[in-house]
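A quick write-up on the structure given underneath.
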Amino acid sequence: LDAAPAAIRSFTGRQLHLPIVRAYLCSPRARKVTRTNGRKKKTKTPMAAMRGVMMLFFQILILGFQAKAWHAARRSFELEQSVPPQEKSHFVTDCMHVTSEAGEFSFVKLPATSATSKHGHWAVEADAAAPGNPDGSAEASAPADAATVCGIYFVADPDQVIEVTMRQVNVDCRSGGLMAFVDGWELNGQYFPGERDHEKPLALRVQEFCAERANGGPWRTVKPAPAPNAWVFRSSQNAALVQYRIPVRGSFVLSARFLRNAKPCHIMAEGLAPYYMLRNYGQRRNCTLTALFPAVVSVVALEVSGINENVRYVSTAGCMQTRPTGPIPTAFPHLPLLAALHGTQCERVHVEDKLEVGGSPGLDPAYQAVLASTICGRSGGRMDLEQTILCGTTTVRLVSSGRYNNQAMVTMRMADESDLRLATAMCEM
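First residue of the sequence shown: 1, per my numbering; consecutive thereafter.
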């Protein structure tokens with residue numbers, strides 16, 4: 001078909017000019033003799049050429065269908081992968097909102113002032129109409145105290161950190177509005193992790209911000225994360241807090257993501273994990289496990305300090321006075337007896353690396369802490385040392401000098417009535 005007309009050679013898809021092909025193959029021109037290497041050679045018969053053209057046509061047709069099918073399948077796959085998952089929306093209505101979910105969180109507050117309609121009649125107050133807002137957003141009425149500070153408390157899995165992105169901030173600075181991100185939790189002026197245990201100073205853990213109103217124009221907003229002026233914060237542990245004070249009116253929208261933490265140190269316990277691991281990763285740092293309830297703490301395994309002997313402990317029994325002790329038995333009720341018989345203590349050998357179990361009324365164990373026991377050494381197996389801490393906050397604190405790779409496996413559950421008789425430490429309520 002090298003000498004065939006362009007109408008025959010330029011077929012595409014399903015279009016093939018069969019009458020033109022048949023007329024051309026039956027013409028005298030198709031039967032002419034061509035010279036090849038000095039020899040005369042006749043071209044193929046019209047029927048053979050016709051079969052070749054038809055075979056070529058069907059092959060191109062099949063290839064066209066395959067290409068279209070692959071393009072459609074690939075296009076569908078690309079569309080499915082390119083659609084980002086939608087964030088779950090949460091409307092904040094409580095002043096203290098505790099959540100373990102990621103997603104988008106929004107808050108709206110309107111001033112509690114009455115307004116008149118265009119006909120001169122009194123309309124419904126703004127705060128009364130908040131629950132039934134037609135756009136579906138949640139609006140909070142103005143509290144009695146305009147200086148009330150509220151917060152969204154985030155808690156994730158022990159091996160996660162929390163990233164908060166402020167999508168929109170309509171909090172007027174000049175009216176006394178203020179927002180803050182806290183790396184950890186804050187309650188009644190106390191922080192988790194404690195100020196002496198966290199690797200960052202408190203000035204870097206609390207970051208305050210607000211938005212100014214420009215010349216009566218629209219409220220300034222913070223754009224999404226890719227924008228250079230976005231406020232993006234990330235915690236150092238599985239607990240974070242966003243505080244806000246909105247005296248008159250304002251709103252904000254934020255999104256929270258939970259990211260993996262390769263080296264968790266401080267852990268806020270929800271009582272859902274089967275066990276918790278405290279590690280210092282060979283660094284000079286203090287790591288804590290904190291639960292906001294009276295709890296039964298069980299030390300399952302221990303490898304703390306350079307003591308290669310059996311586990312040593314100091315039982316303080318809530319009075320902050322140490323007693324001479326010896327190897328820890330597997331049954332906890334016999335601890336007082338062994339404490340009177342043996343005299344090896346962690347403090348007597350000046351051990352800087354130790355595990356402290358105790359409680360306190362507030363978040364920070366440094367304030368009015370009740371220390372139940374101090375433990376050091378290597379367990380070499382399962383211990384199952386249970387201690388009942390009857391305090392508002394239960395804390396297990398791993399103190400490390402940085403000379404050893406310390407680690408402890410701990411379980412924690414909420415204390416019930418059956419645990420009262422075995423209370424190791426008790427705080428004043």
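All C-beta atoms in this analysis are idealised placements derived from N, C-alpha and C, irrespective of residue type, glycine included.
Treat the numbers as computed from the prediction; the structure is a model and nothing was measured.
Determine the DSSP secondary structure at residue i, reduced to helix, strand or coil.
i, result
"V53", "helix"
"V396", "strand"
"E104", "strand"
"L363", "coil"
"D172", "strand"
"L302", "strand"
"Q59", "helix"
"L422", "helix"
"E386", "strand"
"E417", "helix"
"A48", "helix"
"F293", "coil"
"V161", "strand"
"V410", "strand"
"C427", "coil"
"P324", "Any reading at P324 is ruled out, since the residue's pLDDT is 33, under 50, leaving its predicted position unreliable."
"Q190", "strand"
"V92", "coil"
"C150", "strand"
"H97", "strand"
"E87", "coil"
"E208", "strand"
"K263", "coil"
"R167", "strand"
"K32", "With a pLDDT of 49 at K32, under the threshold of 50, the modelled position of this residue cannot be trusted, and the question is left open."
Hey, residue i and residue j are a contact pair by Cβ (cut 8 Å); roughly how many whole angstroms apart?
i, j, result
"A408", "L355", "5 Å"
"S298", "D384", "6 Å"
"G377", "L278", "G377 to L278, Cβ: 15 Å. No contact."
"L187", "G362", "7 Å"
"P159", "R260", "In the sequence on display, residue 159 carries Asp and not Pro. The Cβ separation is near 6 Å, so the contact holds."
"T148", "R245", "7 Å"
"R382", "A295", "Not really, about 20 Å apart at Cβ, beyond 8 Å."
"M166", "E208", "The pair is not a contact, with the Cβ atoms about 12 Å apart (cut-off 8 Å)."
CB-CB under 6 Å to residue i, same chain, minus the five flanking residues each way: which ones, in chain order?
i, result
"P193", "G184, H266 and T288"
"P264", "P158 and D159"
"E351", "First, the residue type needs correcting, since residue 351 is Val and not Glu in the sequence shown. Within the same chain, V351 has close Cβ partners S305 and C376."
"Q237", "H266"
"I60", "none"
"A72", "Reliability fails at A72, whose pLDDT of 47 lies under 50, so the model's placement of it is uncertain and the value that follows must be treated cautiously. Taken in chain order, the list of residues that qualify is empty."
"V357", "V297, A372, S373, Q387 and V396"
Span of the beta strand (DSSP E) holding residue i?
i, result
"L278", "Y276 to R279"
"L355", "K354 to S360"
"L178", "L178 to V182"
"V370", "V370 to R378"
"Q283", "Unbroken run through Q283: none, as it is neither H nor E."
"G381", "It is not in any beta strand (DSSP E) - G381 carries neither H nor E in the DSSP assignment."
"I267", "I267 to A269"
"G250", "G250 to R260"
"L241", "A239 to R245"
"R234", "W231 to R234"
With a threshold of 7 Å on Cβ separation, who are the neighbours of residue i within its own chain once the five nearest residues in sequence on each side are excluded?
i, result
"S418", "none"
"V164", "F181, F233, A240, V242, L254 and A256"
"S175", "P247 and V248"
"A415", "P294, A295, V296, T388 and L390"
"L204", "none"
"A269", "Y276, L289, T290, A291 and M412"
Of all the options the options, which has the alpha carbon lying nearest to the alpha carbon of residue i?
i, options, result
"T374", "C391, R382 and V399", "V399"
"V206", "Y191, A273 and R382", "Y191"
"V253", "R382, D159, F107 and A273", "F107"
"R249", "C210, S401 and L292", "C210"
"A366", "A49, R196, H97 and F57", "R196"
"Y281", "A415, F91 and Y404", "Y404"
"L272", "V155, H90 and N406", "V155"
"I162", "P111, N170 and F258", "F258"
"N406", "N286, E428 and T394", "N286"
"C427", "A112, V92 and L371", "L371"
"N170", "A262, D94, L110 and T394", "L110"
"D364", "D353, A291, S401 and S379", "A291"
"G177", "C150, G392, A203 and K200", "C150"
"R397", "A369, M47 and C95", "A369"
"V92", "A262, L420 and S251", "S251"
"M96", "A146, Y153, A48 and A49", "Y153"
Just reading off the alpha helix (DSSP H) that residue i is part of, what are its end residues?
i, result
"R205", "L202 to R205"
Closer than 8 Å, CB to CB, is residue i near chain C or not?
i, result
"V53", "The structure shown contains no chain C; it holds only a single protein chain."
For residue i, which residues of its own chain have a beta-carbon under 8 Å away from its beta-carbon, when the five flanking residues on both sides are left out?
i, result
"K88", "E101, A102, G103 and E104"
"T411", "P274, Y275, Y276, V297, S298 and V300"
"R74", "Low confidence applies here, because R74 scores a pLDDT of 46, under 50, leaving its location unreliable; read the following figure in that light. Contacts found: none."
"S401", "R284, E352 and D353"
"K200", "D183 and S236"
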